[in-house]
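In this note's numbering, the protein residues as written are 2 to 560.
These notes concern the structure reproduced below.
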Amino acid sequence: MNFPYFSFSVFSFILGVAFCSLWNLGFSFSIFLILLGSVLFLINKRDFSGGKSRYLSCSTRGLGLYLIFFLLFFGLGFLRCAVSEKILNKNVLQDYVEKDVSLIGVIVDEPDQRENNTKLVFEVTDFVEQNSSEEDEQDCNSLDCFTSSQRQRAEFPVTESEALSGRQVRKEKSATERRDGPEKISLKTRILLTVPHYPEYVYGDEIEVTGLLGIPKNFKTENGRTFDYVNYLAKDKIFYVMYSPQTKLLSKKNGNIIKEKLFQLKNSFLSKVQKTIPEPQVSLLGGLLLGAKQSLGAKLQEDFRKVGLIHIVVLSGYNVSIIADFMLAIFSFLPRMIALSFGALSIIAFAVMVGGSATIVRASIMALLVVLARATGRTSEVTRALFLAGFVMVLHNPQIVVFDPSFQLSFMATLGLIVLSPRINESFKFIPEKYHLRESVVATISTQIFVLPLLLFMMGELSLIAVFVNLLVLMSVPFAMLFGFFTGLFSYIWIGLSLPFAYVTHFLLSYELKVVEIFAQIPFASIKVPYFPLWLMLGIYILFFIFWIASSQVPREDE
C-alpha cells in the first residue's frame, strides 16, 4: 500500500475509535460505513489496477480512493471500539453500589503511592454481601485485619505466615457462608482502592476488603475543565472505587511471575538510587525515568504545568531515546548495524530495568523508531512503522486514544521528532551543532508544536514562557536521565562506584528544579484558556496531517 494511503488509513481508524469513544452510535453505524466503503471499492475496483472507470474521472480518482479508505477504516475503528465497550464488565456490581460489601481478589498492578495515600488496582474474584454480625469481627485479629484507624497505627506489614493463616480462615469462613451465609458468586471486575500507606501491599497479593462500594465520578479541574475520570479508569477496566476499606491479607504471589519480577527489579532500582540522591531530586528522576509524576507532589506538578514542562515527566519515546542516543554515540566507531543493535539493546535493557509497564513498553517502542529514523534518515519508512505501532496499540486497547494522556503525549511527541525535526533543521543552521545544541533546540521546538494543542485541550493553560524554559531545561534532561540510570545500574556493583554519577545527576536535577521554581513565580507565566474544545484540537491535528500528506515527497497516484 502506498505510504499516503497507509498513513491515511491508520489515521482514519484512530479517528473512528476516537469518535466512537465520545459518541457511540452502535454497531449498525459502523456496519453501514464498512458496507458503503466496500460497495464503493467494488464499483471502482478497476481504478486500483490503473484502468478507466465509468464513475470516476482521472482527476477525481485519488480523492475517491481516499474517501473509500476513510469509510472503510473509520468504520473498522468505530466497530473495534464498540466491541470493546460491549465486552467490558461495567455493571457486574451495579446492584451493590453504595452498599457495604466484602470482596476477595488480587492486586493486579503496581501500587501507586501518593503523598497521603496509596492506590491499589484490585481485581475481584469472589464477592459476599456484607452482613453486620459479631462473627465477622471475631475472624479479624490485630495483625491480619486492619480497620482504617488501626492501619494508620500499623508499624509493620503482614508476614508470610500470617498470610497463610489468613487463607485458612477464609476457607473456613467460606464453608460457613455456603451453609448459612449470603449467596456467593464468581465474577471479574476491577476496583480502585484508596488505602493508607500501611500496611504495605504488593502486586500479586490476594486480599479481602470490606467497605462501601462506589462508582468513580468526573470532577472539575482548577482550570474549570471537566476531567473524565470515569473513562480514564475504564480504559484500565476499573469501574468501581472504595475509600479506606478494611483490608486483610490472604496470600501472596498470585500474579504473573514475569510481571512480578519486573516490578521487584524496578523497586530495587529505585531503592538503589534513593540511597545516593535525596528528595525532591530523586522524585524528579523517577518522573523522568518512570513517568511517575505523582511522586513530585501537587505543588511541584503545578509549577511544572505553569512553565510548560509537565510533559517531561510523562514518559515518552523522546525520554527513552535519550539512553539509546548515548549508546549510539559510544559505539559510533562500529559499523552502523552493530551500533544500531547496541542502541536497540540499551532500550530493551532500560525497559526491563525500570519495570516494563505498559507505559514504558509503549515509550520504548516509540524510542526504537526515533533512533531508527535518526540513524537511517528514512523518515517515511519509520513514520509508517510509528503509525503501525500506534495502530497495534489502539487495536489492543481502543480506550487509550481518548482517555490515556500518556499515550497521546508520547505518540505526538514522537511523531513531531520524526516528521517535523528534519523539516525545520535547516532553519536553525545558525545554532552550532557542538554538544548536540542544535539537535536539542530542534527537538524541543518540534515536540512543543505537536503537543501544544493536546496540552491546551487537556489543561486549559498556555505557558507564555514554555519554549524558553524548555530550551533551558531540556538540554540537561538527557544527561540527567543518563547519569541517573547509571547511578542505579552501578549501585548493583558497588555503591561507591555510583557516587560520581549520583553527584552529576543531583547537580543536573537541582538545576532543573531551580529553573522551574524561578520561572513559576513570574507573574503571568501562564494564562488560562477557558475555551479550547475538542473539535478545535482535532481540527488543528487534521490540518497538521493534511499539510504533512501534501508536502510528502511521494509520487502522485495519477502520474
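Backbone N, C-alpha and C define an ideal beta-carbon position, used for all residues, glycine too.
All values reported here derive from a predicted model rather than from experimental measurement.
Segment limits, beta strand (DSSP E) that includes S103
What you label residue 103 is simply residue 102 of the sequence shown in a count that begins at 1. First-last of the beta strand (DSSP E) with S103: D101 to I108.
Return yes when the Cβ of L463 is within less than 8 Å of the Cβ of V530, no when it is not.
Taking the first residue of the sequence shown as position 1, residue 530 is located at position 529. Taking the first residue of the sequence shown as position 1, residue 463 is located at position 462. Cβ distance < 8 Å, so V530 and L463 count as in contact.
Please report how far the alpha carbon of N232 lies from the alpha carbon of I401, in whole angstroms.
On the sequence shown, position 231 is the one that residue 232 refers to. On the sequence shown, position 400 is the one that residue 401 refers to. Approximately 10 Å between the Cα atoms of the pair.
Helix, strand or coil: how does DSSP classify S287 here?
Position 286 of the sequence shown, counted from the start, is the residue given in the question as residue 287. Here residue 287 turns out to be Gly, not Ser, going by the sequence shown. DSSP places G287 in helix when its eight states are reduced to three.
Would L72 pass as a contact of L34 if the rule is Cβ separation under 8 Å?
One-based indexing of the sequence shown puts residue 72 at position 71. One-based indexing of the sequence shown puts residue 34 at position 33. The Cβ-Cβ distance between L72 and L34 falls below 8 Å.
How many angstroms separate the CA atom of F264 from the CA atom of I547?
Indexing the sequence shown from 1 puts residue 264 at position 263. Indexing the sequence shown from 1 puts residue 547 at position 546. One C-alpha to the other measures close to 42 Å.
Can you give me the start and stop residues for the alpha helix (DSSP H) that T248 sits inside?
Residue mapping note: residue 248 aligns to position 247 of the sequence shown, counting from 1. Counting along the chain, T248 sits inside no alpha helix (DSSP H); it lies in the beta strand (DSSP E) bounded by residues Q247 to S252.
In terms of alpha-carbon separation, which member of S365, G256 and S411 lies closest to E111?
For the purposes of this step, residue 111 is taken as the residue at position 110 of the sequence shown. With distances taken between Cα atoms, E111 lies closest to G256.
Among R306, A444 and L373, which residue has its Cα nearest to the Cα of E518?
Here residue 518 refers to the residue found at position 517 when the sequence shown is read from its first residue. Comparing Cα positions, the closest option is R306.
Tell me where the beta strand (DSSP E) around F525 begins and ends.
As a position in the sequence shown, residue 525 is number 524, starting the count at 1. Neither: F525 is in no beta strand (DSSP E) and is coded neither H nor E.
Chain-order list of residues whose beta-carbon lies under 7 Å from that of L301 (same chain, five-residue window excluded):
For this step, residue 301 is matched to residue 300 along the sequence shown. The beta carbon of L301 is closer than 7 Å to those of P281 in its chain, skipping five residues each way along the sequence.
C-alpha gap between L341 and T384, whole angstroms:
Residue 341 sits at position 340 when you count from the first residue of the sequence shown. Residue 384 sits at position 383 when you count from the first residue of the sequence shown. Roughly 18 Å separates the two Cα atoms.
Q409 versus V403 - alpha carbon distance
Working through the sequence shown from its first residue, we reach residue 409 at position 408. Working through the sequence shown from its first residue, we reach residue 403 at position 402. A direct Cα-Cα distance of roughly 8 Å separates Q409 from V403.
Take D101 as the anchor and find which of K189, S22 and M243 has the nearest alpha-carbon.
Translated into the one-based positions of the sequence shown, residue 101 becomes position 100. Taking only the C-alpha atoms, the option nearest D101 is M243.
In terms of alpha-carbon separation, which member of I339, L335, Q275 and I366 lies closest to I1?
Any answer about residue 1 is impossible in this case: the structure gives the chain only from 2 up to 560.
Just to confirm the assignment, what range does the beta strand (DSSP E) spanning T448 have?
Within the sequence shown, numbered from 1, the residue matching residue 448 stands at position 447. In the DSSP assignment, T448 falls outside any beta strand (DSSP E) and within the unbroken alpha helix (DSSP H) covering L438 to M460.
Report the rounded CA-to-CA distance for R115 versus G309, giving the unit in angstroms.
Indexing the sequence shown from 1 puts residue 115 at position 114. Indexing the sequence shown from 1 puts residue 309 at position 308. Straight-line Cα distance between these residues: approximately 22 Å.
Hey, how far is the Cα of F502 from the Cα of L514?
Indexing the sequence shown from 1 puts residue 502 at position 501. Indexing the sequence shown from 1 puts residue 514 at position 513. Each residue's Cα considered, the two are about 18 Å apart.
List the DSSP bridge partners of K221.
As a position in the sequence shown, residue 221 is number 220, starting the count at 1. Beta-bridge pairing links K221 to T227.
Where V98 falls: helix, strand or coil (DSSP)
The residue given as residue 98 occupies position 97 in the sequence shown. Coil, per DSSP.
Please list, in chain order, all residues of the same chain as N92 whose beta carbon is under 6 Å from its beta carbon, the five residues on each side excluded.
The residue labelled residue 92 in the question sits at position 91 within the sequence shown. Nothing listed; no residue qualifies.
Under a Cβ-count criterion, where at least 16 other Cβ atoms within 10 Å of its own Cβ denotes burial, should D96 be classed as buried or exposed?
For the purposes of this step, residue 96 is taken as residue 95 along the sequence shown, with counting starting at 1. Residue environment for D96: exposed (fewer than 16 other C-beta atoms within 10 angstroms of its C-beta).
With DSSP as the reference, label D237 as helix, strand or coil.
Stepping through the sequence shown from its first residue, residue 237 is reached at position 236. Under the three-state reduction of DSSP output, D237 falls in the coil class, being neither helix nor strand.
By DSSP's criteria, T119 is part of a beta bridge. Which residues make up the other side?
Here residue 119 corresponds to residue number 118 of the sequence shown, with the count starting at 1. BP columns for T119 point to Q114 and V196.
How about Y493 and K262: do their beta carbons lie closer than 8 Å?
Residue 493 sits at position 492 when you count from the first residue of the sequence shown. Residue 262 sits at position 261 when you count from the first residue of the sequence shown. No, Cβ-Cβ distance for Y493 and K262 is not below 8 Å.
Going by C-alpha to C-alpha distance, which of F14, S269 and I216 sits closest to T74?
As a working mapping, residue 74 is identified with position 73 in the sequence shown. The residue asked about is misnamed: residue 74 is Phe in this sequence, not Thr. Distance check between F74 and each of F14, S269 and I216 places F14 closest, using alpha-carbon atoms only.
Of all the options I192, V372 and L214, which has the alpha carbon lying nearest to the alpha carbon of M338?
Within the sequence shown, numbered from 1, the residue matching residue 338 stands at position 337. Nearest option by C-alpha distance: V372.
Less than 8 Å separating the beta-carbons of K120 and T195?
Taking the first residue of the sequence shown as position 1, residue 120 is located at position 119. Taking the first residue of the sequence shown as position 1, residue 195 is located at position 194. Their beta carbons are under 8 Å apart, which means K120 touches T195 by this criterion.
C-alpha distance - V18 paired with A364, whole-angstrom precision
In the sequence shown, the residue the question calls residue 18 occupies position 17. In the sequence shown, the residue the question calls residue 364 occupies position 363. The alpha-carbon atoms of V18 and A364 are separated by roughly 21 Å.
Can you check which of these residues, T277, L213, I32 and V84, is closest to V505 by C-alpha distance?
Locating residue 505 in the sequence shown gives position 504, where the first residue counts as 1. V505 has its Cα closest to that of T277, out of T277, L213, I32 and V84.
H507: buried (16+ other C-beta within 10 angstroms of its C-beta) or exposed?
On the sequence shown, position 506 is the one that residue 507 refers to. Flag for H507 reads buried.
By how many angstroms is the C-alpha of L291 removed from the C-alpha of G298?
For this step, residue 298 is matched to residue 297 along the sequence shown. For this step, residue 291 is matched to residue 290 along the sequence shown. Between G298 and L291, the C-alpha separation is close to 15 Å.
Going by DSSP in three states, V420 sits in which element: helix, strand or coil?
Numbered from its first residue, the sequence shown carries residue 420 at position 419. Looking at V420 - three-state DSSP - the assignment turns out to be helix.
Span separating the alpha-carbon of L571 from that of V84
Residue 571 lies beyond the range of the chain shown here (2 to 560); nothing can be said about it.
In the DSSP assignment, the beta strand (DSSP E) including V210 goes from what residue to what residue?
Numbered from its first residue, the sequence shown carries residue 210 at position 209. Its beta strand (DSSP E) spans residues E207 to L213.
Measuring straight from C-alpha to C-alpha, what distance separates I192 and W495?
The residue given as residue 192 occupies position 191 in the sequence shown. The residue given as residue 495 occupies position 494 in the sequence shown. Roughly 41 Å between the two C-alpha positions.
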